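K.L.:
In our numbering, the protein residues as written are -13 to 271.
Here it is as structure tokens:
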């Protein structure tokens, strides 16, 4: 068995150069999705992560067929779909999750049709469905770092406006906030966050990075600012531990990271439940 110390040495082993790149990739993805996930949790739209992960598939398919960059292909498709969803969601007769389901299911179906027309499509696109730590290059890390910095900067600049829209859309409109453009901004940021996570964690499991850390922070934190600090830290720690377990026991990276997060979430839930029981007993006495 590979010990944590062995894992640390492997990170500095020149012949295992993909391992520190994988760690950098999951760290960047966890930082961004941890913060974005808090906004998603406030909006009550946890379905969005899974839906966006499916919406990028047509872009991946087209990029694969023409031999283009899969990351940018997925990003373009996801952003277009996100903008359409934000526009159609302004109709108050339609629930936001209904619009999300319609557009993102259609996007995934389009991707399946496109990719099925290309012979020999199993290779690199499979990495985006299930994740691959070996496939992470220096260029991927540079792209992810640039996109992560952009996301965090925009979330910081528009934090107050995004929170206002999430808490009360009608009040936000009354205050003169551009609700449509703020919706588009949030959808696009979620999309970019998903794209950052795809190559390491995979399309199938990326929802966990958005939902699990934010849910754990919701259990333990009372203030939104604290949540947005706790959530990315939780995600980074769990992703690092999951990467170690994956490397030590030769397990699939994406699945192992998600299982580690879920196990940590269960521990947080048990801790908060026990803490609340103790408080009730102290009050009763």
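A virtual CB, placed ideally from N, CA and C, is assigned to each residue, including glycine. On a predicted model such as this, the values are computed, not experimentally measured, just so you know.
1) According to the Cβ coordinates, are residue 149 and residue 168 closer than 8 Å?
2) Go ahead and pull the three-state DSSP assignment for residue 13.
3) Could you compute how far the alpha carbon of residue 44 sits from the alpha carbon of residue 264?
4) Can you give me the C-alpha to C-alpha distance between residue 31 and residue 40, rounded to a whole angstrom?
5) Is there a Cβ of chain C sitting closer than 8 Å to that of residue 77, yes or no?
6) Give the straight-line distance between the Cα atoms of residue 123 and residue 224, rounded to the nearest whole angstrom.
7) Between the stretch 56 to 71 and the stretch 175 to 182, are three or more C-beta pairs nearer than 8 Å?
8) Once you ignore the five residues that flank residue 21 on each side, which residues in its own chain have a CB closer than 7 Å to its CB?
9) Could you say if the stretch 203 to 211 and the stretch -5 to 12 meet the contact criterion of at least three C-beta pairs nearer than 8 Å?
10) Thinking C-beta only, is residue 38 closer than 8 Å to residue 90?
11) Evaluate residue 251 with the Cβ neighbour count: other Cβ atoms within 10 Å of its Cβ, from every protein chain shown; 16 or more gives buried, anything less gives exposed.
12) Can you give me the C-alpha to C-alpha distance between residue 87 and residue 34, rounded to a whole angstrom?
13) Tell me where the alpha helix (DSSP H) around residue 79 begins and ends.
14) Note down the Cα distance separating residue 16 from residue 26, rounded to an integer number of angstroms.
15) Do you know offhand how far residue 166's Cα is from residue 269's?
P.N.:
Looking at the coordinates:
1) The residue given as residue 149 occupies position 163 in the chain shown. The residue given as residue 168 occupies position 182 in the chain shown. No. Outside cutoff.
2) In the chain shown, the residue the question calls residue 13 occupies position 27. In the structure shown, residue 13 falls within a helical segment according to DSSP collapsed to helix, strand and coil.
3) Here the question's residue 44 lines up with position 58 in the chain shown. Here the question's residue 264 lines up with position 278 in the chain shown. Computed Cα separation, rounded: 51 Å.
4) Locating residue 31 in the chain shown gives position 45, counting from the first residue. Locating residue 40 in the chain shown gives position 54, counting from the first residue. Near 15 Å, if we compare the C-alpha coordinates of residue 40 and residue 31.
5) Considering every chain present, this structure includes no chain C. It has just one protein chain.
6) For this step, residue 123 is matched to residue 137 along the chain shown. For this step, residue 224 is matched to residue 238 along the chain shown. Cα atoms of residue 123 and residue 224: separation of roughly 22 Å, rounded to the nearest angstrom.
7) Contact between the stretch 56 to 71 and the stretch 175 to 182 is present, because at least three Cβ pairs lie under 8 Å.
8) Here residue 21 refers to the residue found at position 35 when the chain shown is read from its first residue. Within the same chain, 138, 141, 214, 217, 218 come within 7 Å of residue 21 by CB-CB distance, once the 5 residues on both sides are set aside.
9) The stretch 203 to 211, when compared against the stretch -5 to 12, does not touch it at the 8 Å Cβ threshold.
10) Working through the chain shown from its first residue, we reach residue 90 at position 104. Working through the chain shown from its first residue, we reach residue 38 at position 52. When the beta-carbon positions are compared, residue 90 and residue 38 come within less than 8 Å of each other.
11) For the purposes of this step, residue 251 is taken as the residue at position 265 of the chain shown. Buried is the call here.
12) Indexing the chain shown from 1 puts residue 87 at position 101. Indexing the chain shown from 1 puts residue 34 at position 48. Cα-Cα distance, rounded: 9 Å.
13) Residue 79 sits at position 93 when you count from the first residue of the chain shown. Membership of residue 79 in any alpha helix (DSSP H) is not indicated, and neither H nor E is assigned to it by DSSP.
14) Start at 1 with the first residue of the chain shown, and residue 16 comes out as number 30. Start at 1 with the first residue of the chain shown, and residue 26 comes out as number 40. It is roughly 15 Å from the alpha-carbon of residue 16 to the alpha-carbon of residue 26.
15) On the chain shown, residue 166 is found 180 positions in, with the first residue counted as 1. On the chain shown, residue 269 is found 283 positions in, with the first residue counted as 1. About 47 Å.
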